[in-house]
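Residue numbers (mature numbering (1 follows the signal peptide of the UniProt record, and there is no 0)): -23 to -1, 1 to 447. Each remark here refers to the structure printed beneath this line.
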């Protein structure tokens, strides 16, 4: 007889299969460049949202969350591409259920032919390299490589000179080789082919060549980067220039790293004034690194400046607001109105639309972990804030929420239990305080330190001597 765990696993598997196999209809089936597409998905839904990635001919991409209309056991929505969009990936999120978890792809056409990069993006999608890279087991990777290879070859039938399909196909073909001698020979030949591709002078071909060179660490990788860094005229080239510089800056000390990152921001200022989703992701790395670099140098004003920039480009991400509120409390001169506003804004970021914008195309488990982690951070900072303004009851309440957000007493950080114990002790709630000190020890705190600290605290609040022996 099957146990409950086996049954629950089987039910979860059936649910996943059901979720993945929902049928849908697309009109038109072969949309033209810039043409709107109506998608209808059969099934019962509550309050669905549709996450969409628009992948473009200039190696750019944009992300959006679009509303869906629910009626007669189906939902419908309209995809509205611009004329640069060659491939779209979409999925439906309804509460905590994701339909089409890997995303469904849609090719756009120019006349009878697909747009230039449509099959490049379809191949990357087949590889599970977009919207986010998925780690695959070796057996699964072999199957996916074979499928993706067919996609790139089909793209090259339409456009024999497509550099992106050509370059990606060359990378995949390396993984089909079995012995080291064949691999070494292949890489030697590929290095020459890559150099020839770069020397065509076509900017997209140069980005493709850089991708191959960077993947295999070819000798001319840095030379290609230097050229692209001076010619970032398409988003793909700008990504190369800024991302490579970011990797370099990360290996420097905070002062030098900040200097080079700001050089990059100034150099490419004209290209990042109205950033696409692709460039925003790069700027996220820059701004967080600059925040940290200035923080460790003691320049909190500059650190906050970069947190504010993060808030501008990712207004629905709670983290920059929470971090700024925490930092302002650490500065000593506390502007309570500012901190209260930051925390109130962060609280508004915990809703389904914000989740889709902040964690697009995350799997449900990863999204849930990210949300819980951010909630925990928010509650911790709110607890400090309420403690500072003398509202101990609210400080206790939100710290209890922080523990709950981590999965409960046995899974929470011991520091949260210890802090909660201190707050409860201050309100003379000795029984609950001791409970959380005990959980602090169970979850990793040093027992002797906790016991000694508790005895001293009990004496300081004039608890009877017999009661102070823990």
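The beta carbon of each residue, even a glycine, is placed where N, CA and C say it ideally should be.
{"Query": "Simplified DSSP assignment, three categories, for residue 32", "Result": "strand"}
{"Query": "Any 3 or more C-beta pairs closer than 8 Å across the segment 319 to 328 and the segment 288 to 307", "Result": "yes"}
{"Query": "Cβ-based burial, residue 388 [other Cβ within 10 Å; buried from 16]", "Result": "exposed"}
{"Query": "Residue range of the beta strand (DSSP E) that includes residue 53", "Result": "51 to 56"}
{"Query": "Beta-ladder partner(s) of residue 76, from DSSP", "Result": "69"}
{"Query": "Length of the line joining the Cα atoms of residue -19 and residue 33", "Result": "Low confidence applies here, because residue -19 scores a pLDDT of 42, under 50, leaving its location unreliable; read the following figure in that light. Going from the Cα of residue -19 to the Cα of residue 33 covers about 45 Å."}
{"Query": "For residue 26, the residue or residues it bridges with in DSSP", "Result": "44, 70"}
{"Query": "Inter-residue Cα distance where the pair is residue 165 and residue 152", "Result": "15 Å"}
{"Query": "Backbone CA spacing between residue 118 and residue 79 [nearest angstrom]", "Result": "15 Å"}
{"Query": "6 Å Cβ shell around residue 335 - same chain, five flanking residues per side excluded", "Result": "293, 294"}
{"Query": "Short Cβ contact (8 Å threshold) for residue 189 with residue 171", "Result": "yes"}
{"Query": "Cβ neighbours of residue 9 in the same chain (closer than 6 Å, five flanking residues each side left out)", "Result": "86"}
{"Query": "Outcome for residue 210 when other beta-carbon atoms lying within 10 angstroms are tallied against a minimum of 16", "Result": "exposed"}
{"Query": "Cross-strand partners of residue 82 (DSSP beta bridge)", "Result": "66"}
{"Query": "From 125, 84, 369, residue whose alpha carbon lies closest to that of residue 103", "Result": "125"}
{"Query": "CB-CB length for residue 122 against residue 94, believed under 8 Å", "Result": "No, residue 122 and residue 94 are not in contact; Cβ-Cβ is about 20 Å, not under 8 Å."}
{"Query": "Chain-order list of residues whose beta-carbon lies under 6 Å from that of residue 206 (same chain, five-residue window excluded)", "Result": "218"}
{"Query": "The segment 256 to 273 in contact with the segment 220 to 239 per 3-pair CB rule at 8 Å", "Result": "yes"}
{"Query": "Residue-chain proximity (residue 20, chain C), Cβ-Cβ < 8 Å", "Result": "Of the protein chains in the structure, only one exists, and it is not chain C."}
{"Query": "Candidates 160, 143, 162, 301, of which the one nearest residue 175 by Cα", "Result": "143"}
{"Query": "Reduced DSSP category for residue 198 - H, G, I as helix; E, B as strand; rest coil", "Result": "helix"}
{"Query": "Check whether residue 129 and residue 146 have beta carbons under 8 Å apart", "Result": "yes"}
{"Query": "Residue 15: first and last residue of the uninterrupted beta strand (DSSP E) it sits in", "Result": "14 to 19"}
{"Query": "Nearest to residue 337 (by Cα), restricted to the options 426, 273, 68", "Result": "68"}
{"Query": "Residue environment, residue 181, which counts as buried when at least 16 other CB atoms sit within 10 Å", "Result": "buried"}
{"Query": "Cβ pair residue 278, residue 231 closer than 8 Å", "Result": "no"}
{"Query": "N- and C-terminal bounds of the beta strand (DSSP E) containing residue 1", "Result": "1 to 4"}
{"Query": "Neighbour-count burial assignment, residue 346, 16 or more Cβ in a 10 Å radius", "Result": "exposed"}
{"Query": "Touch test, the segment 17 to 30 against the segment 57 to 75, Cβ-Cβ under 8 Å, three pairs minimum", "Result": "yes"}
{"Query": "Contact check, residue 414 vs residue 427, beta carbons under 8 Å", "Result": "yes"}
{"Query": "4 or more residues per run - each alpha helix (DSSP H) lying fully within the segment 334 to 387", "Result": "341 to 365, 369 to 382"}
{"Query": "Distance CB(residue 19)-CB(residue -2) smaller than 8 Å", "Result": "yes"}
{"Query": "Three-state secondary structure assigned by DSSP to residue 274", "Result": "coil"}
{"Query": "Cβ neighbour criterion (16 or more within 10 Å) applied to residue 450", "Result": "What is shown of the chain runs -23 to 447, which leaves residue 450 out entirely."}
{"Query": "Residues near residue -17 by beta carbon distance below 7 Å, same chain, minus five either side", "Result": "Its pLDDT being 44, under 50, residue -17 is placed unreliably in this model, and the value from its coordinates should be taken loosely. Excluding positions up to five away in sequence, the list is empty."}
{"Query": "Three-state class that DSSP yields for residue 288 in the structure shown", "Result": "helix"}
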